[in-house]
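Protein chains: 2
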Amino acid sequence: MASYPSRVKIIDVGPRDGLQNEKQPVPAAVKVELVQRLQAAGLKEIEVTSFVSPKWVPQMADNAQVLHGIERQAGVRYSVLTPNMKGLEAALAAPRAEWPDEIVVFGAASEAFSQKNINCSIAESIERFAPVVEAARAQGIAVRGAMSCTVGCPYEGEIAPEKVGYLAGLMKGIGVQRVDVADTIGVGTPLKVQRAIEATQAHFDIAEISGHFHDTYGQALSNTLAALGMGVWNFQSSVAGLGGCPYAKGATGNVATEDVVYLLQGMGIDTGIDLDALIDAGVYISQALGREPHSRVSKAIRIKRAG
Amino acid sequence: MASYPSRVKIIDVGPRDGLQNEKQPVPAAVKVELVQRLQAAGLKEIEVTSFVSPKWVPQMADNAQVLHGIERQAGVRYSVLTPNMKGLEAALAAPRAEWPDEIVVFGAASEAFSQKNINCSIAESIERFAPVVEAARAQGIAVRGAMSCTVGCPYEGEIAPEKVGYLAGLMKGIGVQRVDVADTIGVGTPLKVQRAIEATQAHFDIAEISGHFHDTYGQALSNTLAALGMGVWNFQSSVAGLGGCPYAKGATGNVATEDVVYLLQGMGIDTGIDLDALIDAGVYISQALGREPHSRVSKAIRIKRAG
Numbered sequence: 001m002a003s004y005p006s007r008v009k010i011i012d013v014g015p016r017d018g019l020q021n022e023k024q025p026v027p028a029a030v031k032v033e034l035v036q037r038l039q040a041a042g043l044k045e046i047e048v049t050s051f052v053s054p055k056w057v058p059q060m061a062d063n064a065q066v067l068h069g070i071e072r073q074a075g076v077r078y079s080v081l082t083p084n085m086k087g088l089e090a091a092l093a094a095p096r097a098e099w100p101d102e103i104v105v106f107g108a109a110s111e112a113f114s115q116k117n118i119n120c121s122i123a124e125s126i127e128r129f130a131p132v133v134e135a136a137r138a139q140g141i142a143v144r145g146a147m148s149c150t151v152g153c154p155y156e157g158e159i160a161p162e163k164v165g166y167l168a169g170l171m172k173g174i175g176v177q178r179v180d181v182a183d184t185i186g187v188g189t190p191l192k193v194q195r196a197i198e199a200t201q202a203h204f205d206i207a208e209i210s211g212h213f214h215d216t217y218g219q220a221l222s223n224t225l226a227a228l229g230m231g232v233w234n235f236q237s238s239v240a241g242l243g244g245c246p247y248a249k250g251a252t253g254n255v256a257t258e259d260v261v262y263l264l265q266g267m268g269i270d271t272g273i274d275l276d277a278l279i280d281a282g283v284y285i286s287q288a289l290g291r292e293p294h295s296r297v298s299k300a301i302r303i304k305r306a307g
Numbered sequence: 001m002a003s004y005p006s007r008v009k010i011i012d013v014g015p016r017d018g019l020q021n022e023k024q025p026v027p028a029a030v031k032v033e034l035v036q037r038l039q040a041a042g043l044k045e046i047e048v049t050s051f052v053s054p055k056w057v058p059q060m061a062d063n064a065q066v067l068h069g070i071e072r073q074a075g076v077r078y079s080v081l082t083p084n085m086k087g088l089e090a091a092l093a094a095p096r097a098e099w100p101d102e103i104v105v106f107g108a109a110s111e112a113f114s115q116k117n118i119n120c121s122i123a124e125s126i127e128r129f130a131p132v133v134e135a136a137r138a139q140g141i142a143v144r145g146a147m148s149c150t151v152g153c154p155y156e157g158e159i160a161p162e163k164v165g166y167l168a169g170l171m172k173g174i175g176v177q178r179v180d181v182a183d184t185i186g187v188g189t190p191l192k193v194q195r196a197i198e199a200t201q202a203h204f205d206i207a208e209i210s211g212h213f214h215d216t217y218g219q220a221l222s223n224t225l226a227a228l229g230m231g232v233w234n235f236q237s238s239v240a241g242l243g244g245c246p247y248a249k250g251a252t253g254n255v256a257t258e259d260v261v262y263l264l265q266g267m268g269i270d271t272g273i274d275l276d277a278l279i280d281a282g283v284y285i286s287q288a289l290g291r292e293p294h295s296r297v298s299k300a301i302r303i304k305r306a307g
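Chains C and B, in that order, give the protein sequences. Mapping to full-length UniProt numbering: the first sequence position 289 is 289, numbers consecutive. Mapping to full-length UniProt numbering: the second sequence position 187 is 187, numbers consecutive.
Structure (structure tokens):
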């Protein structure tokens, strides 16, 4: 049998990746409260917002208000998306104590997705990220690279592992310190996900690779298990499954943090997360959105609580 | 990395285990049509009904009508539940060509569950099954033993692997030919499921063990992957996730066959099943029940079809 890591770090991307893809707008104060509930539940990494033009992503127009509104907790890493220099400058327009700990640049392993999503080729996106990465690192800020569509693409279909390796190499080349292997449309299955991770390992250590799986086809936890079996111990997920799937309206998107934590706890893997407090955080934000949490664990445990 | 079987056989338990736990009654003709759609989609084993007192399970009162109404297809194995001699006699009260290919006796690894579900201890249930197994095998009918609550029990909580081994040994002792390792309430995670299977392997070959996982906590596919990694190549699932969870009203029960098939096809494992035809069979029975299929794969693919 495979051997698994003894501890796992979860990066909750709900406040950014999740809420960015929810239709219902949420006030900045609710986003701040969500981040604080997540850190109270034991999350040590939280993707809080995006410094991108409100013309493109109106849901994140309150980025500065959210980033600077959080009562920070020692030992927690707060990250924000900064697609360009303007975004980075905006993220740093505050006293140093309120800077993000990490910035994220968002690329794609699919040329078609890169073109449709950020209006440029993969190579051009890297050219655009390079000065952002350099400026951030010069200020002592960590840099993570999101690699989207590493298994499948809504426009190109299946993505070859070589394309993932190509993107990972470009990311490494400009100074990105760690990367997410993301199955953006949730079509991946264990062996395909393992091949995408393998291709990434040509450029990054296993500790620098995080798994980011969507549950659109219900495969996220088996993909998580497959990645764990390779030694991956960083994973991204979204409390209450925030986010949905922009490429399949009505379908499930980001895997719910609750479901990932249940899997890990059941396997005796330390996450440092209080599942009950996490479920409550998911209920809190779901109520603000006027819907149920998209998490089977949340549902089953709440039914049990109601007894 | 683990090595996986090259082919998997799925036993669809939707017409029996699924419909038995659905509130909305379904006419016998619809059940027959469901079985026929499943075999047309490539299913080679189908659990079609239960010969149990209609006083206890009114949903299965039409058992003979369903069993004898099916236009059988060569190479397909039709199984029925027969909890006692009366049930077996009723199942065989027809010309030989209309007999079931296999009967199923339903036990539990939890004493409390055995008491609450079938009103006797585990040892007493085995005594009750023994003559049924003997009579069936004397007629050349195969016998499968369902082992429920092999990971967790709604009354006892976690179930030790030793209890699973104990039940498996008793089943073997009375001539049961193969067994299901069932996570009846869906609380299992990969390592726990693997320990239940290991305990069963003390008495049965891997080819005689099937995995039966519920998706109440969203863990069924990761448990399936864990079992595949041990060489298990028989799995039970329910088209459209028929059945729900009787121990957590409103929660998910049997894992959807669609979701299992997607996982296996994505891993290059042969199932012989046409996923599109299977999805249509799930839509057919869900419409009869007045609800949506409980399958993320079905939902994502139908959204894609609608384009």
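For glycine and all other residues, C-beta sits at the position ideal for the given N, C-alpha and C.
The contact set of K116/C on chain B, defined by CB atoms closer than 8 angstroms, is empty, because the minimum CB distance reaches about 17 angstroms. Less than 8 angstroms divides the Cβ of Q177/C from the Cβ of A142/C. For N63/B, the enclosing alpha helix (DSSP H) has its first and last residue at 63-69. Taking a Cβ-Cβ threshold of 9 angstroms, the residues of chain B close to D259/C are Y217, G218, Q219, in chain order. For the pair A240/B and G14/B, the CB atoms are nearer than the 8 angstroms cut-off.
If you check the CB distance, T224/C and G211/C come in under 8 angstroms.
Annotation: V164/B to S50/C spans about 51 angstroms, alpha carbon to alpha carbon. Nearest to Q287/B by C-alpha distance, out of R7/B, A93/B, Q24/B, is Q24/B. Judged by beta-carbon spacing, A202/C lies within the 8 angstroms limit of A168/C, meaning their Cβ atoms are closer than that value.
Taking the Cβ atoms as the reference, V105/C lies roughly 11 angstroms from V80/C, outside the contact range of under 8 angstroms. Runs of beta strand (DSSP E) with 3 or more residues, each lying fully within the segment 142-192 of chain B, are found at 142-148, 178-183, listed in chain order.
Shown here for R77/B: same chain residues with a beta carbon closer than 7 angstroms to its own, the five before and five after excluded, namely K44, E45, D101, E102 in chain order.
When DSSP states are grouped into helix, strand and coil, L43/C belongs to the coil group.
F129/C: member of the alpha helix (DSSP H) spanning 122-138, first to last residue. Under the DSSP assignment, Q265/B falls in the alpha helix (DSSP H) whose first and last residues are 257-266. V297/B places its beta carbon less than 8 angstroms from that of A256/B. For Q73/B, the closest C-alpha among the options V179/B, A64/B, Y262/B, A97/B is that of A97/B.
If you check the CB distance, T271/B and V8/B come in under 8 angstroms. Apart from the 5 residues on each side of it in sequence, V66/C sits with its Cβ closer than 8 angstroms to the Cβ of P15, A28, K31, V32, V35, V48, T49 in its chain, given in chain order. Boundaries of the alpha helix (DSSP H) harbouring Y284/C: 275-289, taken from the DSSP string. Between G218/C and D274/B, the C-beta gap is not smaller than 8 angstroms, which leaves the two residues out of contact. DSSP places R72/C outside both helix and strand once states are collapsed to three, so it counts as coil.
Around E111/B, the same chain offers S121, I122 as residues with beta carbons nearer than 7 angstroms, after the five sequence neighbours per side are excluded. Across the structure, E134/B and I174/B are spaced so that their CA atoms are roughly 8 angstroms apart. Close to chain B, meaning a Cβ-Cβ distance shorter than 8 angstroms, is no residue of the segment 8-30 of chain C at all. Going by DSSP, F51/B is part of no alpha helix (DSSP H) at all; its letter is neither H nor E. Residue pairing by DSSP leaves G244/C without any beta bridge partner. About 6 angstroms separates the CB atoms of I185/C and G152/C; that is less than 8 angstroms, so the two are in contact.
Short of 7 angstroms from the beta carbon of A40/C, and not among the five residues preceding or following it, lie these beta carbons of its own chain, in chain order: A277.
Residues of chain B with a Cβ closer than 8 angstroms to the Cβ of A226/C are, in chain order, L225.
Around the CB of S6/C, fewer than 16 other CB atoms lie within 10 Å, so the residue is classed as exposed. Around the beta carbon of G282/C, 16 or more other beta carbons lie within 10 angstroms, which makes this residue buried.
Ranking E127/B, L92/B, V181/B by CA distance to the CA of R195/B puts V181/B first. For the segment 137-155 of chain B, there are no residues whose beta carbon sits under 9 angstroms from a beta carbon of chain C.
Of all alpha-carbon atoms in N84/C, K299/C, T252/C, G157/C, the one lying nearest the alpha-carbon of D280/C is that of K299/C.
Residues of chain B with a Cβ closer than 7 angstroms to the Cβ of P5/C do not exist; the shortest Cβ-Cβ separation is about 13 angstroms.
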